[in-house]
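Residue 64 in the working numbering sits at position 37 of the sequence shown; the count goes up by one each step and never skips. Glycine included, C-beta positions come from ideal geometry on N, C-alpha and C. Notes follow the structure.
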Amino acid sequence: MKPRNYLLTRTSEEPKEKRRVFPRRDANCPVIARVRQREREEQISVPCWMVNLCEDGCLLSSDYFPRKVDEINLTIPGISTPVRGKARAQGAHTVNVRFTKLLQSDVVEMVARIKTIPKP
28 MKPRNYLLTR TSEEPKEKRR VFPRRDANCP VIARVRQRER EEQISVPCWM
78 VNLCEDGCLL SSDYFPRKVD EINLTIPGIS TPVRGKARAQ GAHTVNVRFT
128 KLLQSDVVEM VARIKTIPKP
């Protein structure tokens, strides 16, 4: 019997950070997400935290995300209009969002600098 030949997938020589078009910035600010599930019409407001951010997307974390999130409208402090996006991937408590329009770099830097002040 002839042995099977297996093809190896191409491995990348470059680290993952160098393949990114826009660098991720750490963010630690509260946001309100208006979330629509797949095959549903109504939207749900979910309080969440923005973990990181770049010009084309962000990572949100919350305990209250419904399953199968499809569309997201974010109310971000410092930005007057809501930011629209689609869910790329969803975990148990996180949603990776891809924005429909790119954010400007100066806006991303400003939002990444937002820090919360703990209550005394």
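Item	Value
Residue 53, DSSP secondary structure in three states	strand
Candidates 120, 47 and 75: closest to residue 82 by CA position	47
CB of residue 96 within 8 Å of CB of residue 103, strictly	no
N-terminal and C-terminal residue of the beta strand (DSSP E) that residue 66 is part of	Per DSSP, residue 66 belongs to no beta strand (DSSP E) and is neither H nor E.
Inter-residue spacing [alpha-carbon to alpha-carbon] between residue 93 and residue 132	30 Å
Residue interval of the alpha helix (DSSP H) (run including residue 139)	132-139
Close-in-space but distant-in-sequence residues of the same chain around residue 136 (CB under 8 Å, 5 per side omitted)	52
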